[in-house]
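Asks:
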Amino acid sequence: METSEILKKVRKIEIKARGLSSNVFAGQYHSAFKGRGMAFSEVREYQYGDDVRDIDWNVTARFHRPYIKVFEEERELTVMLMIDVSGSLDFGTQRQMKRDMVTEIAATLAFSAIQNNDKIGVVFFSDRIEKYIPPKKGRKHILYIIRELLDFKPESHRTDVKQALEFLTSVAKRRCTAFVLSDFYDTQDFLQTLQIANRKHDVVALQVYDIRAKELPDVGLMRVVDAETGYEQYIDTSSRQLRQAHERYWRNTQEKLKDTMSKSNVDLVSIATNDDYVKSLLMLFKRRS
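For the sequence shown, my numbering assigns the number 9 to the initial residue and increments by one for each residue that follows.
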């Protein structure tokens, strides 16, 4: 992609994402994702009903009347965007490719985060850690992330969610909120690794899928290619048996994914490429508030 074309796309995504984060998601993100805890803010005179455990004895002794410490929520978060860059994301039969939607969602989350003075870091993963961008604040940092999302070329086309979660657990020393954006086309079990990661951090799973993964159209002979392995074959979509088998496979893999998330106490949101991801994110934020 040409540099000028990338900059145009970055600008277009920035305008949309900033608009959503400041207008649609204002306040929702703040209440959905809590800070690290309570931080000391100030002291004030003791009032009837205050907790005596909060009395600041040094200030009390100085002024000869009781003062208490006032605490407020320590809002600053570190947000990690775990972005799947495997080959299967380069697919879309509806309005856009899965990768395009992942980019928009990631940008919207990033702008929502900096409006709350949070740091943003990114991990690009396939079946290896393709790139790590350490957490920082600011618009310049987010525009760099969006450019990378648009133009990043992974070394591998396969997926390994387990390895990405292990990297998160090892690299993020303090508790963070981690959004895993993927289609979760991964044949390996990552339940135990996800449970460990979610005990240390707050993990949220955002699955982006294409409707054709769920149901096949009846259009006769169709050439299909596995984007991760390169395996190619022709299938007869006029066969009802084949279409039903395809739907069963989707249902089974979805049930397995939901079960993994449920056992790990991780929120899962599934968004099709022809869905309105804004509604899906709003529902997630409200559920967590």
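The beta carbon of each residue, even a glycine, is placed where N, CA and C say it ideally should be.
Since Met90 contacts Phe187 with CB under 8 angstroms, what's their CB separation in whole angstroms?
Replies: 7 angstroms
Asks: With 16 other CB atoms within 10 Å as the buried threshold, where does Gln241 fall?
Replies: In summary, Gln241 is exposed, with fewer than 16 beta-carbon neighbours lying within 10 Å of its beta-carbon over all protein chains present.
Asks: For the putative contact between Ser290 and Gln123, defined by C-beta atoms under 8 angstroms, what is the C-beta separation to the nearest angstrom?
Replies: For the sequence presented, residue 290 should be read as Leu rather than Ser. Not really, about 16 angstroms apart at Cβ, beyond 8 angstroms.
Asks: Take Ala213 and list the residues in its own chain whose beta-carbon comes closer than 6 angstroms to its own, dropping the five residues that flank it on each side.
Replies: Within the same chain, Ala213 has close Cβ partners Val188, Met269, Val274 and Leu276.
Asks: So, using beta-carbon positions, are Thr201 and Lys181 closer together than 9 angstroms?
Replies: Thr201 is not a Cβ neighbour of Lys181, given a cutoff of 9 angstroms.
Asks: Leaving out the 5 sequence neighbours to the left and right, which residues in its chain are closer than 7 angstroms to Phe175 when beta-carbon positions are compared?
Replies: Val131 and Ile137
Asks: By DSSP, does Phe293 sit in helix, in strand, or in coil?
Replies: helix
Asks: Using the C-alpha atoms, what's the distance from Thr185 back to Pro142?
Replies: 14 angstroms
Asks: Report yes if the C-beta distance between Ser246 and Val227 is below 9 angstroms; otherwise report no.
Replies: yes
Asks: Which one or two residues does DSSP pair with Ser278 in a beta bridge?
Replies: Gln215
Asks: Just mark Asn125 as buried or exposed, buried being the case when its beta carbon has 16 or more other beta carbons within 10 Å.
Replies: exposed
Asks: Assuming Lys20 contacts Val51 (C-beta within less than 8 angstroms), just tell me the rounded distance between them.
Replies: Val51 and Lys20 do not touch by the CB rule: their CB atoms are close to 49 angstroms apart, not below 8 angstroms.
Asks: Looking at C-alpha atoms only, which residue of Leu151, Arg183, Phe192 and Asp159 is the closest neighbour of Ala172?
Replies: Phe192
Asks: DSSP three-state label for Glu263, please.
Replies: helix
Asks: Note down the Cα distance separating Lys271 from Gln262, rounded to an integer number of angstroms.
Replies: 14 angstroms
Asks: Which class does Ser190 belong to by DSSP, given the choice of helix, strand or coil?
Replies: Ser190 falls in the strand class under three-state DSSP.
Asks: Give the range of the beta strand (DSSP E) segment to which Thr86 is assigned.
Replies: Thr86 to Asp92
Asks: Thr86: buried (16+ other C-beta within 10 angstroms of its C-beta) or exposed?
Replies: buried
Asks: How far does the beta strand (DSSP E) with Phe133 in it reach, from first residue to last?
Replies: Lys127 to Phe133
Asks: For the 8 angstroms Cβ check, are there 3 or more pairs between the region 142 to 161 and the region 247 to 257?
Replies: no
Asks: Tell me, which residues are paired with Leu229 by DSSP?
Replies: Asp244
Asks: Answer yes or no: does any C-beta atom of chain C fall closer than 9 angstroms to that of Gly146?
Replies: Of the chains in the structure shown, none is chain C; there is only one protein chain.
Asks: Which stretch, first to last residue, makes up the alpha helix (DSSP H) that contains Lys106?
Replies: Lys106 to Gln123
Asks: Please list, in chain order, all residues of the same chain as Tyr54 whose beta carbon is under 7 angstroms from its beta carbon, the five residues on each side excluded.
Replies: If we look at Tyr54 and ignore the five residues flanking it on each side, its Cβ neighbours are Ile63, Pro74, Tyr75 and Ile76.
Asks: What residue range is occupied by the uninterrupted alpha helix (DSSP H) comprising Glu174?
Replies: Val169 to Val179
Asks: Which same chain residues, not among the five before or five after Gln203, have their C-beta less than 6 angstroms away from its C-beta?
Replies: Ser272
Asks: Nearest by alpha-carbon distance to Ser190: which of Lys208, Asp92, Ser134 and Tyr152 is it?
Replies: Asp92
Asks: Closest to Leu199 by C-alpha separation, out of Ala118, Leu265, Ser278 and Ser120, would be which residue?
Replies: Distance check between Leu199 and each of Ala118, Leu265, Ser278 and Ser120 places Leu265 closest, using alpha-carbon atoms only.
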